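Notes to accompany the following structure.
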Amino acid sequence: MSPNNGPTSGLYSTALLAGLWRENPTFRLLIGLCPPLAVTTAVKPALTMGLSVIFVLVCSNLVVSGMRNLLKPHLRIIMFTVTIATFVTICDLFLKAYQPKMSEILGAYVPLIIVNCLIIFRAEARASKSGLLVSVLDGLGMGAGFTLALCILAGVRELLATGRVFDLPIMPKAFVPWLALQMPVGAFVTLGLILGLINVLTRKAPVTEEEPLTEPPVPTPA
Amino acid sequence: MDKFTALLMGFLSVVLVNNFVFTKFLGACPYLGVSGRLDRALGMGLAVTFVTALSGTLTWMVDAWILTPLHLEITRYICYIVIIAGAVQLVEMYVRKFFPSLYEAFGVYLPLIATNCVILGLCLFLDIWGTDNLLEAVVLSTGTGIGFTVAICIMAAIREELLLADVPEALKGAPITLITAGLLTLAFMGFAGMIK
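So the protein lines, in turn, are chains L and U. For the record, in the first sequence the residue sitting at position 94 is 94 according to the working numbering, with numbers rising by one throughout. Converting from the second sequence to the working numbering requires adding 222 to each position, the first position being numbered 1.
Below, the structure written as structure tokens:
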């Protein structure tokens, strides 16, 4: 029934690598957008958030995949959310105990991982249909892609807003910080511009073949 | 009278000054996903407002009257998410029974409200803000939902106009939407000094 009984190495590497770039949740699929916008004022909280998401994603994928034969269609979503909420509680208590300062900075955004669409999406699209190993690899890959996106976004914002990354001064003394990038407007505009840049880059590479893929559907005004 | 003013200020604060979408980035997914057309955005906003008001009030009651006295705070997140899912289920049943045409129009978005961050975010922030009576919880919950409706409707109206605009090729679609959202948050920052 499930496509996990033909374990070729290709299946595993695709599961692991898809999230990094081709199906990067933030840059390509545009899901789970709250954390990339909210916690990316500096690299450190972004990295903490990314690692938390990896932990929750891998654990919930593992559990969901384990109980995929017991799921009832109409109770599916609530089973997913309760599973995710359990692991997020563990993660939140762990951060509170060992990283109290970071926990304070991230605040409500750690419990908000529960409703991050990325995790439910992976549970629904992958873990509830695949074997344990594929689900865990998928969680790792997607989580890593998410962390990568968070760090890129946070790196740009921290560098331009304060002139330092990871508390290391990078810009010359004469650099005037762009304080606006630490405000909400900075989050939206930076992500928008990065997406634009990615559009340009992916369009350049395969000029003829992927033209219809990258071209957005032409909207017809009513 | 004093109490009434405080409630009114709290309400205005969550609608305009501390609007969840513009200052806390909560609900960014539907804000960017469902905001293509104004009528659909309004329907979505109203449904979210209703669920927010209902589940904000319910979670506050459960938190203050059951979890805190029994020292079960550790199960807080699980309780919250179950209450929200229940509230959404209730709304779904009600709409299907009494407004079948609206139910058709919402489609898959109705059950998906359960994973809207605005709602869980509100339940968590009610606790962080230290809301200490039921009336305050009701007012803040309703206000948050209305704030979300305002944000998503403004965005939808702008996007309807944006269809006719000449956008650079690379920025078409999601990027220009995000940049527009950024400029909108800048506009809403003008309210920042209004209420402490």
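Cβ atoms here follow ideal geometry from the backbone N, Cα and C, with glycine treated the same way. All figures in this text were calculated on a predicted structure; none of them were measured in a lab.
In chain order, what residues of the same chain have a beta carbon less than 6 Å from the beta carbon of L/Phe87, not counting five sequence neighbours either side?
Same-chain partners within the cutoff: Val56, Cys59, Ser60.
Using the beta-carbon of each residue, which ones in chain U are nearer than 9 Å to L/Ala38?
Correct list: Lys246, Phe247, Leu248, Ala250.
Run of the alpha helix (DSSP H) containing U/Ile288, from where it starts to where it stops:
U/Ile288 -> no alpha helix (DSSP H), and no H or E assigned at all.
Might you give, ordered along the chain, the residues of its own chain that have their beta carbon closer than 7 Å to the beta carbon of U/Ile398, omitting 5 neighbours on each side?
Leu384, Val389, listed in sequence order.
For U/Pro291 and U/Asp349, what's the separation of their Cα atoms in angstroms?
Roughly 15 Å between the two C-alpha positions.
Less than 7 Å between C-beta atoms, sequence neighbours within five positions excluded: which residues of the same chain meet that for U/Cys375?
So the qualifying residues of the chain are Leu260, Ala263, Leu264, Gly267.
Taking its Cβ as the centre, do 16 or more other Cβ atoms sit within 10 Å of U/Thr407, making it buried, or is it exposed?
By the neighbour-count rule (16 or more Cβ atoms within 10 Å), U/Thr407 is buried.
Opening and closing residue of the alpha helix (DSSP H) in which L/Leu166 lies:
Note on identity: in this sequence residue 166 of chain L is Phe, with Leu being the wrong assignment. Boundaries cannot be given for L/Phe166, as no alpha helix (DSSP H) includes it and DSSP labels it neither H nor E.
Are L/Thr81 and U/Ile401 close, meaning C-beta to C-beta below 9 Å?
Here L/Thr81 is not near U/Ile401, since their CB atoms are 9 Å or more apart.
Nearest neighbour of L/Phe75, chosen from U/Ile288, U/Ala307, U/Leu289 [CA to CA]:
Looking at the sequence itself, residue 75 of chain L is Leu, so the reference to Phe does not match. The candidate whose alpha carbon is nearest that of L/Leu75 is U/Ala307.
Nearest CA to the CA of L/Thr190: which residue from L/Ile152, L/Leu168, L/Gly19, L/Phe166?
Among L/Ile152, L/Leu168, L/Gly19, L/Phe166, the Cα nearest to that of L/Thr190 belongs to L/Ile152.
Which of helix, strand or coil DSSP assigns to L/Ala174
When DSSP states are grouped into helix, strand and coil, L/Ala174 belongs to the coil group.
In the DSSP assignment, find the unbroken alpha helix (DSSP H) run with U/Phe413 in it and report its ends.
First-last for U/Phe413: undefined, no H or E at that position.
Can you tell me where the alpha helix (DSSP H) with L/Ala42 in it begins and where it stops?
Per DSSP, L/Ala42 belongs to no alpha helix (DSSP H) and is neither H nor E.
Contact check, L/Val53 vs L/Ile105, beta carbons under 9 Å
No, these two residues do not count as a Cβ contact at 9 Å.
For L/Arg164 and L/Thr40, believed in contact at Cβ under 8 Å, the rounded distance:
Rounded, the Cβ-Cβ distance is 15 Å, inconsistent with contact.
Please classify U/Thr371: is it buried, with 16 or more other beta-carbons within 10 angstroms of its beta-carbon, or exposed?
U/Thr371 comes out buried.
Quick one: is U/Glu326 buried, meaning 16 or more other Cβ sit within 10 Å of its Cβ, or exposed?
The residue is exposed, with fewer than 16 neighbouring Cβ atoms inside 10 Å.
Complete runs of the beta strand (DSSP E) confined to the stretch 239 to 273 of chain U [at least 3 residues]
As summarised for the stretch 239 to 273 of chain U, there are no continuous beta strand (DSSP E) elements at least 3 residues long confined to that stretch.
Can you pull out the residues from the stretch 321 to 335 of chain U whose beta carbon lies closer than 9 Å to at least one beta carbon of chain L?
Going along the stretch 321 to 335 of chain U in chain order, one finds Pro333, Leu334 with a Cβ nearer than 9 Å to chain L.
Can you give the Cα-Cα distance for U/Leu229 and U/Val361, rounded to whole angstroms?
When rounded, the distance between both Cα atoms is 7 Å.
Compute the Euclidean distance between the alpha carbons of U/Cys251 and L/Cys117, then round it to the nearest angstrom.
Computed Cα separation, rounded: 8 Å.
Determine the burial state of U/Trp282: buried for a count of at least 16 other Cβ atoms within 10 Å of its Cβ, exposed for fewer.
Burial is judged here by how many other beta carbons sit within 10 angstroms of a residue's own beta carbon; U/Trp282 has at least 16 and is buried.
Are the beta-carbon atoms of L/Ile77 and L/Glu124 separated by less than 9 Å?
Contact flag set, yes.
Please find out if some non-hydrogen atom of the ligand MG comes closer than 8 Å to the beta-carbon of L/Ala154.
Of ligands this structure carries none, so the ligand MG is not represented either.
Just the C-alpha distance for L/Leu20 and U/Ile288, rounded to the nearest angstrom, thanks.
When the Cα atoms are used, L/Leu20 and U/Ile288 turn out to be separated by approximately 43 Å.
Buried or exposed: which applies to L/Thr10, given that a residue is buried once 16 or more other Cβ atoms fall within 10 Å of its Cβ?
Going by the sequence as given, residue 10 of chain L is Gly instead of Thr. L/Gly10 comes out exposed.
Option nearest L/Leu223 by Cα separation, candidates U/Ala309, U/Thr227, U/Met411, U/Tyr299:
Here chain L has residues from 1 to 222 only, and residue 223 of chain L is not among them.
Please state the DSSP three-state secondary structure of U/Pro390.
In the structure shown, U/Pro390 sits in coil (DSSP, three-state: anything other than H, G, I, E or B).
What residues from chain L crowd round U/Tyr299, counting only those whose CB sits closer than 9 Å?
Against chain L, a Cβ distance below 9 Å from U/Tyr299 picks out Ala85, Thr86, Val88, Thr89, Asp92, Pro111, Ile114.
Determine the extent of the alpha helix (DSSP H) in which U/Ser323 is found, giving its start and end residues.
Per DSSP, U/Ser323 belongs to the alpha helix (DSSP H) from 322 to 328.
Using a Cβ-Cβ cutoff of 8 Å, what residues of the stretch 46 to 79 of chain L are near chain U? List them in chain order.
Those would be Ile77, Ile78, in chain order.
Within 9 Å, strictly: CB atoms of L/Ala161 and L/Gln182:
With respect to the 9 Å criterion, L/Ala161 and L/Gln182 are classified as neighbours on the basis of their beta carbons.
The stretch 132 to 147 of chain L: which residues have C-beta closer than 7 Å to a C-beta of chain U, in chain order?
From the stretch 132 to 147 of chain L, no residue has a Cβ closer than 7 Å to chain U.
Give a yes or no on whether 9 Å exceeds the smallest Cβ distance from U/Thr399 to chain L.
Interface residue, yes.
Who are the Cβ neighbours of U/Ser277 in its own chain at under 7 Å, not counting the five residues just before and after it?
So the qualifying residues of the chain are Ile305, Ile306, Ala309, Ile341, Cys345.
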